[in-house]
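**Student:** Listed in order, the protein sequences are those of chains A and B.
Take 1 as the starting number for the first sequence in full-length UniProt numbering and just add one per residue.
Take 1 as the starting number for the second sequence in full-length UniProt numbering and just add one per residue.
Next up is a structure, given as structure tokens.
2 protein chains.
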Amino acid sequence: MTHDTAAPHGSPSTGAHPREMHPQRWGDPAAATALPEAARGLVELAFGLHETPAAAEVELPPVGLGDDVLAALADVVGPDHVHVDDASRRLRTRGKSTPDLLRARAGDLADAPDAVVRPGSHDEVAGVLALAVEHHLAVVPFGGGTCVTGGLAARRDGFAGLVSLDLVRLDALLEVDEVSMTATLEPGLRGPEAEALLAEHGLCLGHYPQSFEHASIGGFAATRSSGQSSAGYGRFDQMVVGLRVATPRGEWRLGSSPANAAGPDLRQLVLGSEGAFGVITAVTVRVRRLPEVKVYEGWRWGSFVEGAAAMRTLAQSGTLPTVLRLSDEAETGLNLARPDAIGEESTGCLMIVGHEGTPAQVESRRAAVTEVLTGLGGTPLGEEPGASWAHGRFHAPYLRDSMLDVGVLVETLETATFWSKVDALYADVRGALERELGVEGGSAIVLCHISHVYETGCSLYFTVATSAGEAPIERWGRAKAAANDAIVADGATISHHHAVGTDHRPWLGAEIGDLGASVLRAVKADLDPTGVLNPGVLVP
Amino acid sequence: MTHDTAAPHGSPSTGAHPREMHPQRWGDPAAATALPEAARGLVELAFGLHETPAAAEVELPPVGLGDDVLAALADVVGPDHVHVDDASRRLRTRGKSTPDLLRARAGDLADAPDAVVRPGSHDEVAGVLALAVEHHLAVVPFGGGTCVTGGLAARRDGFAGLVSLDLVRLDALLEVDEVSMTATLEPGLRGPEAEALLAEHGLCLGHYPQSFEHASIGGFAATRSSGQSSAGYGRFDQMVVGLRVATPRGEWRLGSSPANAAGPDLRQLVLGSEGAFGVITAVTVRVRRLPEVKVYEGWRWGSFVEGAAAMRTLAQSGTLPTVLRLSDEAETGLNLARPDAIGEESTGCLMIVGHEGTPAQVESRRAAVTEVLTGLGGTPLGEEPGASWAHGRFHAPYLRDSMLDVGVLVETLETATFWSKVDALYADVRGALERELGVEGGSAIVLCHISHVYETGCSLYFTVATSAGEAPIERWGRAKAAANDAIVADGATISHHHAVGTDHRPWLGAEIGDLGASVLRAVKADLDPTGVLNPGVLVP
């Protein structure tokens, strides 16, 4: 095994993946940019600037596993794939929520795993789980590490140790079926590599969440991810037709057919199970032909309500583009959807409408969507805002790091509801955040957009910026709790696409009921009788 | 309670629903027609005619419940809603598979419930379940009684009695949300009544399985039904956004949002649960505007393979009509999809293509579909075959009764798979049926159609006609087992839309694995600890 504590971040000696992230920041620091000058001015005006660089990387707690257990793990995955060096352990300490970053910046590494284990096959995953049961080790499946809901911060009390099960070596495209238009992918594939492998066959998945560049196929499945092109390509859970899962009780394969009546759809029990029921070792997904044309354009609406009504009309008339998102007045004013334009004046509400497909498909769908939007009073803004959005579509988390650097706390949260409840939910969540963060004093900005639509409803995605203050984690914790309370009081979902993790777990019971919580516990007890898989995550 | 054993079938004194079926036949005998002369000739040629009228209705086994239990049930639902008369019990003895009908015709009423109980509210359902737990009564939820997989033939061994929980009185449209385009329906509503109530609001569900005229909303949900317009309106499980369920452990409500990442989608665990986990007491569904135009047309293909390839092209290019079905050469030759034309000569393979919507939607979709089908070599046949199909779309089960009357066993079975496996599955299931029924001797006809398509695959629906012979139930049992063995050997699903019931239960484990079966048992044990709900159904 690798004990090289002097290894730099991303060095080959830790087996680091090229898309491995910085332990205290989002993504690849080389890809990050400084806070744009225009934004810096805005921030200074709103909150003042308090340069707060992260603490130097601190040493980790000692590895809590004995050499016998480490040797047994090495027997399963090979000695090169058990890592106890600081760099490997540091990156797998929690995920990338703002509280996670604040803790990492403060040098709090209390949740660090004892070891990072990288299996190279389904059987090696099964072998690690068997050892975990034997030695009562908590196991945290790890994909891209992009989780923002505490899903990588498993409980370790009562366990002999905590192992981060890094699936990075499971990175193959196992099978392509161009007749059925399906592909079987291993869970460690990151978004770009999955798309690149499919592109060799002229195919694509079309799944582009904001975490796309770093998140993994297994993570998309385990958390019911939804991407920016969900209007055209669907949610990830709608793409999945088959699953292979390693559980402490053995292998589980699902996926006899696109859809069926052979009892409950158990695939939908694995999707969203967040590593608590088993480790997904292969995912069979529906794929599409690579689009020949991609065009993104902007539309302006007089208000969020008008723009949302237009989205509803598109969804309910079956006239959906590939990408459809709408910023509220506040988000539009700050140009958050157009990072190139931050600092410029923008009024009304910006909608981004994207079309992908063959030239004929794009032409006919674009014409149909344009007719609806024009008829409803939208103002076309041409392709410039669309191009600006597309250029910055994965960049917001870098901006968050830049804001944290100057003492501004930026975080997001999201929910979904039915169309008739959108206005109330928007007002209630926004009101809860503003009240808790004391917007009266000018110390918080709350922005919102709709980025996923259905015939019956849509998501709401809030971005909050506030002065970090003396105790930013606690400050945000109170605001987030107030928002969650408002969400469940309105009967909406605690998460549209970020998942439950540990952060949302206290509110899950209010959404799925005592019996829903009981059923999750029963399934967990059945598949993972000793509870070694992601303890404390998801299951109430 | 009502003991009036002399009450005729359907009389008000048994509280019979107008859509209640004949205990030995499909549907309403008044709506049935005699075997068409042309068909009669074909049948005689193939199998000979052996007029075999059903046995006179026989007496039932005595009611096995004591007066104390009956009185307790009457306390919950009211004395008018506990029925122990023969007519009520007879109709709730099993469902409408051909073996069910053969047993009913032979006077075998061994599976008759002891009592039929008709709750009028969710709370009364909960009250009946509480009594069932207290007295250890098996409870069989009953909607329209159209089940064809033995889902109404629960095990009664070890129980103090068996109660048919008839949901007919739960027949309200509870709520319409025209902004979200959702409606909340009670489970006892039959298809036509549900559509009629929605039509008062200009809305529709668009769910038209062959059982439409008699089946219930609760049954559609509990069995993951799929209708003839699934290409346009989706499967029933895709329509459901919310559920209210009565379980022995209390009430369970699900449905915070159209879709979410709040853990596994537990709605998909209730959908397809076939009354074994709880009793669905309300279903919130996505609805659509009533179509202004409906047009159905015929297309002819040179072969089943060519027609199936055309369906695949439509599904994978996102160019789906509302109705899309394709008969194989044998089914086309017998004009099974065009009951008006039985006896006429038909060659090749008939495809029915239907479009519903606004005039503009129908025009544009019809043009797009026509372009694809023409480009692939299909021959348009105009609207006559479409009208003939639409006229007879719910009539096939009546034809089955007419065939049974003359000694011909007719039964159907269905499955689904991915497109690349369709040819093999078709050949294997057909081969298994022909081998087992001895087609070499000319004693069986096997027909097939595709009636549900997805981007990644489709359903296969087989219709078999064979001479009933001396022991028709055993004869069909062997053929069905051979077909099921072929289905699971090919990795396909044991049912695309008929559900598991008792008939498919022995094959379910092969499809969902030992762990899938274990999970179903765990959920069952959690929600129904004493196992009173539909014992022996679904759960392996």
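Glycine included, every Cβ here is placed at the ideal spot set by N, Cα and C.
#1: Helix, strand or coil, according to DSSP, for Asp166 (chain A) in the structure here?
#2: Can you tell me the Cα-Cα spacing of Leu447 (chain B) and Leu173 (chain A), whole angstroms?
#3: Could you check whether the Cβ of Asp526 (chain A) sits closer than 8 Å to any Cβ belonging to chain B?
#4: Grab the span of the alpha helix (DSSP H) containing Pro385 (chain A) for me, first residue to last.
#5: If we call anything under 8 Å between Cβ atoms a contact, is Gln228 (chain B) one with Pro209 (chain B)?
#6: Buried or exposed for Asp114 (chain A), please, with buried defined as at least 16 other CB atoms from any protein chain shown within 10 angstroms of its CB.
#7: Give every residue of the same chain whose Cβ lies closer than 6 Å to the Cβ of Val362 (chain B), excluding the five residues on either side of it in the sequence, and list them in chain order.
#8: Please report the residue range of the alpha helix (DSSP H) in which Ser88 (chain A) lies.
#9: By DSSP, does Asp171 (chain B) sit in helix, in strand, or in coil?
#10: Could you check whether Gly120 (chain B) and Val77 (chain B) sit closer than 8 Å to each other, using their CB atoms as the reference points?
#11: Within 10 angstroms of its Cβ, does Arg478 (chain A) collect 16 or more other Cβ (buried), or is it exposed?
#12: The alpha helix (DSSP H) with Tyr454 (chain A) in it runs from where to where?
#13: Is it buried or exposed for Glu20 (chain B), if we count other Cβ within 10 angstroms and need 16 for buried?
#14: What in chain B is Cβ-close to Trp252 (chain A), meaning under 8 Å?
#15: List the DSSP bridge partners of Lys96 (chain A).
#16: When you compare only the Cα positions, how much space is there between Gly191 (chain A) and Arg235 (chain A)?
#17: Per DSSP, Thr417 (chain A) is paired with what?
#18: How is Met351 (chain B) classed by DSSP in three states: helix, strand or coil?
#19: Any idea if Glu371 (chain B) is buried or exposed, counting beta-carbon neighbours within 10 angstroms, 16 or more meaning buried?
#20: Using the DSSP secondary-structure output, state which residues sit across from Phe142 (chain B) in a beta bridge.
#21: Between the C-alpha atoms of His50 (chain A) and Leu350 (chain A), what's the straight-line distance to the nearest angstrom?
#22: Flag Gly272 (chain B) as yes if its beta-carbon sits less than 8 Å from any beta-carbon of chain A, otherwise no.
#23: Could you check whether the Cβ of residue 547 (chain B) sits closer than 8 Å to any Cβ belonging to chain A?
#24: With 8 Å set as the bound, which would you pick, yes or no: does the beta-carbon of His496 (chain B) sit closer than that to a beta-carbon of chain A?
#25: I'd like the ranges of any alpha helix (DSSP H) spanning at least 4 consecutive residues and lying wholly in the segment 248 to 328 of chain B.
#26: With DSSP as the reference, label Arg190 (chain B) as helix, strand or coil.
#27: Please check if any C-beta of chain A sits within less than 8 Å of the C-beta of Thr456 (chain B).
#28: Got a sec: is the Cβ-Cβ distance from Thr412 (chain A) to anything in chain B below 8 Å?
#29: Measure the Cβ-Cβ separation of Asn260 (chain A) and Ala416 (chain B) and say whether it is below 8 Å.
#30: Check the Cβ-Cβ distances between Ser467 (chain B) and every residue of chain A, and say whether any is below 8 Å.
#31: Which residues does DSSP list as the beta-bridge partners of Ile445 (chain A)?
#32: In chain order, what residues of the same chain lie with their CB nearer than 6 Å to the CB of Thr456 (chain A), ignoring the 5 residues before and after it?
#33: Report yes if the C-beta distance between Met181 (chain A) and Arg288 (chain A) is below 8 Å; otherwise report no.
#34: If you measure between the beta carbons of Val116 (chain A) and Arg92 (chain A), is that distance less than 8 Å?
#35: Taking Cβ-Cβ distances shorter than 9 Å, what residues in chain A pair up with Leu520 (chain B)?
#36: What is the rounded straight-line gap between the Cα of Ala483 (chain B) and the Cα of Ala153 (chain B)?
**Tutor:** Checking against the coordinates, here is how it stands:
#1: On the first sequence, position 166 is the one that residue 166 (chain A) refers to. Note: Asp166 (chain A) maps to strand in three-state DSSP.
#2: Numbered from 1 along the second sequence, position 447 holds the residue referred to as residue 447 (chain B). Numbered from 1 along the first sequence, position 173 holds the residue referred to as residue 173 (chain A). If you take the alpha carbons of Leu447 (chain B) and Leu173 (chain A), they lie about 38 Å apart.
#3: To locate residue 526 (chain A), count along the first sequence from 1; it is residue 526. At least one beta carbon of chain B lies nearer than 8 Å to the beta carbon of Asp526 (chain A).
#4: On the first sequence, residue 385 (chain A) is found 385 positions in, with the first residue counted as 1. Looking at the DSSP string, the run of the alpha helix (DSSP H) that includes Pro385 (chain A) is Glu384 to Gly392.
#5: Along the second sequence, one-based indexing puts residue 228 (chain B) at 228. Along the second sequence, one-based indexing puts residue 209 (chain B) at 209. Cβ distance < 8 Å, so Gln228 (chain B) and Pro209 (chain B) count as in contact.
#6: To locate residue 114 (chain A), count along the first sequence from 1; it is residue 114. With 16 or more other Cβ atoms within 10 Å, it is buried.
#7: Taking the first residue of the second sequence as position 1, residue 362 (chain B) is located at position 362. The beta carbon of Val362 (chain B) sits closer than 6 Å to those of Val293 and His355, all from its chain and outside the five residues before and after it, given in chain order.
#8: Within the first sequence, residue 88 (chain A) is the residue found at index 88, counting from 1. Element bounds for Ser88 (chain A): Asp86 to Leu91.
#9: On the second sequence, position 171 is the one that residue 171 (chain B) refers to. For Asp171 (chain B), the secondary structure class from DSSP, reduced to helix, strand or coil, is coil.
#10: Here residue 77 (chain B) refers to the residue found at position 77 when the second sequence is read from its first residue. Here residue 120 (chain B) refers to the residue found at position 120 when the second sequence is read from its first residue. In this structure, Val77 (chain B) places its C-beta atom within 8 Å of the C-beta atom of Gly120 (chain B).
#11: Here residue 478 (chain A) corresponds to residue number 478 of the first sequence, with the count starting at 1. Classification of Arg478 (chain A): exposed, given that the 10 Å Cβ count is below 16.
#12: Position 454 of the first sequence, counting from 1, holds the residue named residue 454 (chain A). In the DSSP annotation of this structure, Tyr454 (chain A) is not part of any alpha helix (DSSP H), being labelled neither H nor E.
#13: As a working mapping, residue 20 (chain B) is identified with position 20 in the second sequence. That one is buried.
#14: On the first sequence, position 252 is the one that residue 252 (chain A) refers to. Ordered by position in chain B, the residues that pass the 8 Å Cβ test against Trp252 (chain A) are Gly513, Leu515 and Gly516.
#15: The count along the first sequence starts at 1 and reaches residue 96 (chain A) at position 96. Beta-bridge pairing by DSSP links Lys96 (chain A) to no other residue.
#16: Residue 191 (chain A) sits at position 191 when you count from the first residue of the first sequence. Residue 235 (chain A) sits at position 235 when you count from the first residue of the first sequence. Between Gly191 (chain A) and Arg235 (chain A), the C-alpha separation is close to 14 Å.
#17: Here the question's residue 417 (chain A) lines up with position 417 in the first sequence. Bridge partners of Thr417 (chain A): A:Cys458.
#18: Here the question's residue 351 (chain B) lines up with position 351 in the second sequence. In this structure, DSSP gives Met351 (chain B) an extended state, which the three-state scheme calls strand.
#19: To locate residue 371 (chain B), count along the second sequence from 1; it is residue 371. Exposed, by the Cβ-count rule.
#20: As a first step, residue 142 (chain B) is located in the second sequence; it is residue number 142 there, counting from the start. B:Asp166.
#21: In the first sequence, the residue the question calls residue 50 (chain A) occupies position 50. In the first sequence, the residue the question calls residue 350 (chain A) occupies position 350. Roughly 31 Å separates the two Cα atoms.
#22: Here residue 272 (chain B) refers to the residue found at position 272 when the second sequence is read from its first residue. Yes, Gly272 (chain B) lies at the interface with chain A (some Cβ there is under 8 Å from its Cβ).
#23: With chain B represented from 1 up to 540, any question about residue 547 (chain B) goes unanswered, as that position is not in the structure.
#24: Walking along the second sequence from the start, residue 496 (chain B) turns up at place 496. Closer than 8 Å to some Cβ of chain A, the Cβ of His496 (chain B) qualifies, so yes.
#25: Contiguous alpha helix (DSSP H) elements confined to the segment 248 to 328 of chain B occur at 267 to 270 and 304 to 316, taking only those with 4 or more residues.
#26: Within the second sequence, the letter at position 190 stands for residue 190 (chain B). Three-state result, Arg190 (chain B): strand.
#27: For the purposes of this step, residue 456 (chain B) is taken as the residue at position 456 of the second sequence. Using a Cβ-Cβ cut-off of 8 Å, Thr456 (chain B) counts as an interface residue toward chain A, since at least one Cβ of chain A sits closer than that to its own.
#28: For the purposes of this step, residue 412 (chain A) is taken as the residue at position 412 of the first sequence. Cβ-Cβ to chain B under 8 Å: no for Thr412 (chain A).
#29: Within the first sequence, the letter at position 260 stands for residue 260 (chain A). Within the second sequence, the letter at position 416 stands for residue 416 (chain B). Yes, these two residues count as a Cβ contact at 8 Å.
#30: For the purposes of this step, residue 467 (chain B) is identified with residue 467 of the second sequence, where counting begins at 1. For Ser467 (chain B), the nearest beta carbon of chain A is not closer than 8 Å to its own beta carbon.
#31: Against the first sequence, residue 445 (chain A) aligns to sequence position 445. Looking at the DSSP assignment, Ile445 (chain A) forms a beta bridge with A:Ala465.
#32: As a working mapping, residue 456 (chain A) is identified with position 456 in the first sequence. Closer than 6 Å at Cβ, skipping near neighbours: Phe418.
#33: Here residue 181 (chain A) corresponds to residue number 181 of the first sequence, with the count starting at 1. Here residue 288 (chain A) corresponds to residue number 288 of the first sequence, with the count starting at 1. Contact flag set, yes.
#34: As a working mapping, residue 116 (chain A) is identified with position 116 in the first sequence. As a working mapping, residue 92 (chain A) is identified with position 92 in the first sequence. Taking 8 Å as the Cβ cut-off, Val116 (chain A) and Arg92 (chain A) qualify as a contacting pair.
#35: Taking the first residue of the second sequence as position 1, residue 520 (chain B) is located at position 520. Per Cβ cutoff of 9 Å: Gly263, Pro264 and Leu266.
#36: In the second sequence, counting from the first residue as 1, residue 483 (chain B) sits at position 483. In the second sequence, counting from the first residue as 1, residue 153 (chain B) sits at position 153. The alpha-carbon atoms of Ala483 (chain B) and Ala153 (chain B) are separated by roughly 22 Å.
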